[in-house]
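For reference, the structure is listed below as structure tokens.
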Amino acid sequence: MNKIETRDLSLFYGAFQALIGVDIAITEKMITALIGPSGCGKSTLLRTLNRMNDLIDGVRVTGNVLIDGKDIYGEKTDLVELRKKVGMVFQRPNPFPLSVFDNIAYGPRTHGIKRQSELEGIVETALTHVELWDTLKDKLDRFALNLSLEQQQRLCIARLVAVTPDIVLMDEPCSALDPFATGKIEELMFELKKAYTIVIVTHNMQQAARVSDRAGFILLGRLVEYGETRQVFTNPREKQTEEYITGRFG
Amino acid sequence: MRRLKELIIEKTILLNGFACIFFVVLIFFFLAKDGLALFRTISIRDFLFGQLWNPIAEPPQFGILPLFLGSFLVTLGATAISVPLGMACAIFIGEIAPRWMRELLKAGVELLAAIPSIVIGFVGMTMLGPMVKNIFHLPTGLTALTGSFALAFMAIPTIVSIMEDAISSVPRSYKEGSLALGATHWQTIYRVIIPAASSGIVAAIMLGIGRVIGETMAVMMLTGNASVMPRTILEPVRTMTATIAAEMGETVHGSEHYFALFALGLVLFAITFIINLIADAALHRKRK
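Residue numbers (numbering that gives the first Met the number 0), protein chains in the order written: chain A, 0 to 249; chain B, 0 to 287.
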């Protein structure tokens with residue numbers, strides 16, 4: 000079964016239509032990349048999947064987004080449950096201005112875990128998962144904003160892992176990082192793929208080619224092409240995709 | 000020619016900048032000159048800790064403890080009222096209210112700041128005073144509490160506008176990060192936004208207190224002006240500011256009483272200076 004499925008999904012910012020009739024089916028435990036030029040709507044599409052667009056005034060969504068077969072734009076949707084299940088990593092690392100420990104414990108605490116021993120366990124597991132435990136285990140009370148950018152982004156991923164989501168949305172997670180750190184985060188993504196369904200927005204096409212299993216090309220709010228990453232990159236069906244990938248625009 | 004013009008403008012601006020500091024220093028020396036003259040005849044100890052203020056007694060008594068406690072009680076009451084109200088208001092404006100209501104409320108708060116304190120004094124005298132009198136069954140409605148209420152209204156605009164600035168300038172990414180983890184709006188506000196804005200919040204409270212301590216007109220009208228040692232907030236008190244305003248006209252230039260009022264001004268100056276210093280330190284606090 001498809002983990003995520005959108006049906007005729009359109010999104011309007013006031014009068015401007017940012018997504019036009021998008022149909023996409025995303026498979027479990029794979030990395031799906033959304034590519035396209037700046038402003039094409041790929042981040043907007045990503046943000047419909049955990050309803051982060053709700054925060055913006057004047058947004059209207061039509062069509063359906065099904066996650067595990069349930070329409071998340073239905074009336075019964077519990078936003079807290081949805082966002083616990085569909086986590087997000089942002090473009091710029093955004094740790095809270097708290098200690099490393101409090102950053103990771105934030106989610107679990109929010110969801111009602113109070114026992115210190117339990118929180119300590121969660122923090123250790125989450126940091127181990129993103130390979131930060133060995134570096135930070137003696138510095139859990141360090142102020143998170145003083146870490147390097149790469150470590151901050153790992154911390155943000157650990158913070159997410161701590162609430163055990165199902166799906167991880169990544170909105171250009173490496174755009175603030177240097178190539179070396181980018182490589183490290185990509186390795187981490189392969190590791191995370193074993194447990195999570197990952198959707199990543201990137202305008203770095205090499206990155207999409209390297210990490211993703213499926214790729215969707217979005218242009219001016221339309222999903223122009225969607226398929227196996229290798230096929231999209233080596234043998235695109237659509238002329239626009241080919242032009243974008245070969246660097247003729249974008 | 001152009002270089003000269005630049006130079007003149009630059010120096011003028013520099014001069015203006017220094018002028019502000021210069022005036023503060025000047026005011027301080029002016030206060031200190033006449034204020035410190037008091038201590039030629041009266042000990043600092045008697046002045047600060049004396050329990051009786053009675054300049055026309057024979058010999059005159061210049062103990063400012065009752066006045067200090069009067070100011071303290073009124074300020075404490077006003078702070079206790081205005082901080083929770085102002086904070087709730089700032090959070091509502093900064094985080095919860097839809098845009099049109101935000102603009103409306105901000106305009107309203109600014110309007111509140113524009114009300115002359117004498118008008119608040121009027122309202123307090125005709126409405127608040129009798130209310131306090133009836134509710135607590137007191138012989139008079141002119142008490143420290145009445146003054147506190149009126150001053151709270153004057154402190155709220157300061158508190159709200161600085162706090163709201165602090166709350167609005169918390170990076171959007173913190174809020175998004177928190178919501179994306181499944182936190183509710185309220186959890187996001189009290190676990191991320193308020194801690195992130197804490198230095199601005201402390202500064203807002205401090206400046207609100209500074210505003211309250213220095214206020215004169217309304218407290219003079221509302222607190223009953225009895226310079227006795229206050230025991231509860233439901234008794235008439237007299238603040239330091241009201242004392243200076245009420246008695247300055249009756250003193251003889253260069254008399255002991257005259258110097259005593261200047262010394263009182265010096266104490267006020269020191270208190271507000273310290274409060275502003277704390278506010279400033281809070282605003283510029285660096286995280287380690």
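Quick reminder that beta carbons are idealized off the backbone N, C-alpha and C, glycines included.
Note that the structure is predicted; figures quoted are calculated from it, not measured.
Span separating the alpha-carbon of L220(A) from that of K2(A): Reading off the sequence, residue 220(A) comes out as Gly, not Leu. In a straight line, the C-alpha of G220(A) is about 22 Å away from that of K2(A).
If you measure from the beta carbon of Y189(B) to each beta carbon in chain A, is any gap under 8 Å? no
By how many angstroms is the C-alpha of G68(A) removed from the C-alpha of K28(A)? 16 Å
Express the C-alpha separation of R82(A) and L66(B) in angstroms, rounding to a whole number. 57 Å
Can you say whether K174(B) is buried or exposed, counting buried as having 16 or more other CB atoms within 10 angstroms of its CB? buried
Looking at the C-beta of V162(A), does it have a partner C-beta in chain B at a distance below 8 Å? Residue contact with chain B for V162(A): present (Cβ-Cβ distance below 8 Å to some residue of chain B).
Can you give me, in chain order, the residues of the segment 99–129 of chain A that have a beta carbon less than 7 Å from any beta carbon in chain B? Y105, G106, T109, H110
Can you pull the chain A residues whose beta carbon is under 7 Å from the beta carbon of A182(B), in chain order? T109
Whose C-alpha, out of D22(A), T134(A), Q152(A), is nearest the C-alpha of L65(A)? D22(A)
If we define contact as Cβ-Cβ less than 8 Å, is E102(B) a contact residue for chain A? no
How is Y243(A) classed by DSSP in three states: helix, strand or coil? helix
Buried versus exposed, by CB contacts within 10 Å (16 or more), E119(A): exposed
From L111(B), F28(B), A203(B), C19(B), residue whose alpha carbon lies closest to that of A262(B): F28(B)
Between the segment 114–124 of chain B and the segment 227–236 of chain B, do at least 3 Cβ pairs fall closer than 8 Å? no
Sufficient close CB pairs (3 or more, under 8 Å) joining the segment 201–213 of chain B to the segment 258–275 of chain B: yes
Counting only runs of 4+ residues fully inside the segment 110–141 of chain B, write out the alpha helix (DSSP H) ranges in chain order. 116–122, 128–135
Output, in sequence order along the chain, the residues in the segment 35–49 of chain A whose CB is closer than 7 Å to any CB in chain B. N49
Hey, Y105(A) and L180(B) are a contact pair by Cβ (cut 8 Å); roughly how many whole angstroms apart? 6 Å between Cβ atoms; contact.
Beta strand (DSSP E) segment containing F91(B), residue limits: No beta strand (DSSP E) holds F91(B); DSSP gives it neither H nor E.
Partner residues on chain A for F173(B), Cβ-Cβ distance less than 8 Å: With the sequence shown as reference, residue 173(B) is identified as Tyr, and Phe is not the correct amino acid for it. The contacting residues are N93, F95, P96.
Got a sec? Which residues, its chain only, sit under 8 Å from L218(A) by beta carbon, not counting five neighbours each side? Apart from the 5 residues on each side of it in sequence, L218(A) sits with its Cβ closer than 8 Å to the Cβ of G35, P36, C39, Q239, Y243 in its chain, given in chain order.
I'd like the list of long-range same chain contacts for I270(B), defined as Cβ closer than 7 Å, with 5 residues on each side in sequence excluded. I212
Identify the residues that DSSP records as bridge partners of F216(A): which are they? Answer is I34(A), E224(A).
Can you tell me the Cβ-Cβ gap for V266(B) and T240(B), rounded? I've got them flagged as a contact below 8 Å. So it is not a contact: roughly 11 Å between Cβ atoms.
Can you list, in chain order, the stretches of the alpha helix (DSSP H) that have 4 or more residues and sit fully within the segment 25–74 of chain B? 43–48
At least one CB of chain B closer than 8 Å to the CB of D140(A): is that the case? For D140(A), the closest Cβ of chain B is not nearer than 8 Å.
Contact check, I243(B) vs G223(B), beta carbons under 8 Å: no
Using 8 Å as the threshold, is the C-beta distance between N49(A) and V85(A) below it? yes
Please list, in chain order, the residues of the segment 57–86 of chain A that have any C-beta partner in chain B closer than 9 Å. L78, V79, E80, L81, R82, K83, K84, V85, G86
Buried or exposed, going by whether 16 or more other CB atoms sit within 10 Å of the CB of A143(A)? buried
Just to confirm the assignment: which complete alpha helix (DSSP H) runs, minimum length 4, are found wholly within the segment 148–216 of chain B? 171–179, 184–187, 197–213
Does the beta carbon of R98(B) sit closer than 8 Å to a beta carbon anywhere in chain A? yes
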